[in-house]
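A.B. asks:
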Amino acid sequence: KRLGHRKALWARLATPRGGLTVLCVHLDTEGSPAQRARQMRRALAKLEERGVADKVLVGGDFNTSTYDTASLPRLMANLAAKVARGGFAHAMEHYLRPYELYERPIFDALEDYGYRWRELNQLGVGSLRFEVGDPHTESMVREYIPWVGVPILRRKLAPWDGIAELKLDWFAGRGIRVLGDDQVRDGLGRISEGPRTLHRTTWNGDPVSDHDPIAVDIAL
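Counting from 1, position 64 in the sequence shown corresponds to residue 65 in my numbering; the numbering is continuous, with no gaps.
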């Protein structure tokens with residue numbers, strides 16, 4: 002049982018080119034896309050209220066899973082819609098492009114507040130994966146589906162080499178400039194790179210997270 006609720010963290014950074022607000026969010030996985038969008042709107046509204054929304058970088062786990070887990074009936078309706086629209090292949094496609102349909106309310110919220118997101122992310126690349134045979138990811142799946150569903154999922158994933166990738170982690174920005182590959186070189190010889198996903202990042206041989214880190218270079 003959960004005690005409390007999700008939080009968002011923000012900080013105002015002083016830079017030689019002025020202030021930059023950095024907002025970190027973790028939207029709720031136990032809910033609907035509409036609920037996640039409302040959480041995003043509340044976080045963005047708080048920056049407006051505090052007068053720190055001129056130059057902003059937003060990042061975090063938006064939990065854009067494409068699923069509505071607010072209740073069992075809503076989850077069943079979500080699954081039925083996926084089946085009607087093309088079944089497993091349709092679901093796999095939208096895991097990497099949640100902004101097109103199922104999680105559109107979150108991206109509408111960002112755009113309504115004047116935030117750009119497309120150019121800040123490596124689109125079509127997942128930041129979390131379910132891998133057949135991986136004990137950690139299979140245990141996560143068992144939290145949501147009966148144990149008999151895991152063997153079925155293994156068979157369904159065979160055409161994708163046993164891997165389902167989901168794009169859950171995102172950046173968005175306002176009042177900032179996104180840098181591309183080789184666009185800027187600083188005094189230390191460091192060269193800018195475009196938005197990227199850092200696959201299977203480890204520290205001392207252990208994964209740094211169950212998610213892949215994402216990175217973006219920006220200028221003010």
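No residue lacks a Cβ here, since even glycine has one placed at the ideal position from N, Cα and C.
Can you tell me where the alpha helix (DSSP H) with residue 29 in it begins and where it stops?
C.D. replies: Neither: residue 29 is in no alpha helix (DSSP H) and is coded neither H nor E.
A.B. asks: Just list the residues that DSSP pairs residue 166 with in beta bridges.
C.D. replies: In the DSSP output, where bridge partners are listed per residue, residue 166 has 130.
A.B. asks: Within 10 angstroms of its Cβ, does residue 214 collect 16 or more other Cβ (buried), or is it exposed?
C.D. replies: exposed
A.B. asks: Across which residues does DSSP place residue 183 in a beta bridge pair?
C.D. replies: Paired residue(s): none; residue 183 is not in a bridge.
A.B. asks: How is the beta strand (DSSP E) around residue 59 delimited, first residue to last?
C.D. replies: Going by DSSP, residue 59 is part of the beta strand (DSSP E) stretching over 57 to 62.
A.B. asks: In three-state DSSP terms, what is residue 14?
C.D. replies: strand
A.B. asks: Looking at the ligand SAM, does it come within less than 6 Å of residue 192, judged from the CB to the closest heavy atom?
C.D. replies: No copy of the ligand SAM occurs in the structure displayed, which carries no ligand at all.
A.B. asks: To the nearest whole angstrom, what separates the beta carbons of residue 220 and residue 155, a pair I think is in contact under 8 Å?
C.D. replies: Actually they are not in contact, since the Cβ atoms of residue 220 and residue 155 sit about 45 Å apart, beyond 8 Å.
A.B. asks: Specify whether the region 197 to 217 and the region 95 to 105 touch according to this definition: at least 3 beta carbon pairs, one from each stretch, less than 8 Å apart.
C.D. replies: no
A.B. asks: Per DSSP, what kind of secondary structure is residue 124 in: helix, strand or coil?
C.D. replies: coil
A.B. asks: Are the region 56 to 63 and the region 169 to 176 in contact at 8 Å, needing three or more beta carbon pairs?
C.D. replies: yes
A.B. asks: Does the Cβ of residue 16 have 16 or more other Cβ atoms within 10 Å, making it buried, or fewer, making it exposed?
C.D. replies: exposed
A.B. asks: Taking Cβ to Cβ, would you say residue 175 is nearer than 7 Å to residue 57?
C.D. replies: Cβ atoms of residue 175 and residue 57: closer than 7 Å.
A.B. asks: Between which two residues does the alpha helix (DSSP H) harbouring residue 53 extend?
C.D. replies: It is not in any alpha helix (DSSP H) - residue 53 carries neither H nor E in the DSSP assignment.
A.B. asks: What does a CB cutoff of less than 8 Å around residue 14 pick up in its chain, not counting 5 residues either side in sequence?
C.D. replies: 20, 21, 22, 23
A.B. asks: What number of angstroms, rounded off, separates the C-alpha of residue 55 from the C-alpha of residue 188?
C.D. replies: In this model, residue 55 and residue 188 are separated by some 27 Å (Cα to Cα).
A.B. asks: Alpha carbon to alpha carbon, what distance is there between residue 83 and residue 1?
C.D. replies: Because the chain spans 2 through 221 in this model, residue 1 falls outside it and cannot be assessed.
A.B. asks: Residues in the same chain with beta-carbon distance under 8 Å from residue 47, minus the five sequence neighbours each way, listed in chain order, please.
C.D. replies: Counting only residues of its own chain and dropping the five nearest sequence neighbours on each side, residue 47 has a CB closer than 8 Å to the CB of 9, 11.
A.B. asks: Which residues bound the alpha helix (DSSP H) around residue 217?
C.D. replies: Per DSSP, residue 217 belongs to no alpha helix (DSSP H) and is neither H nor E.
A.B. asks: Using the beta-carbon count (16 or more within 10 Å), is residue 153 buried or exposed?
C.D. replies: exposed
A.B. asks: Roughly how many whole angstroms lie between the Cα atoms of residue 117 and residue 107?
C.D. replies: It is roughly 12 Å from the alpha-carbon of residue 117 to the alpha-carbon of residue 107.
A.B. asks: Contact defined as beta carbons within less than 8 Å: I believe residue 186 pairs with residue 216. What is the distance between those atoms, to the nearest angstrom?
C.D. replies: Not really, about 17 Å apart at Cβ, beyond 8 Å.
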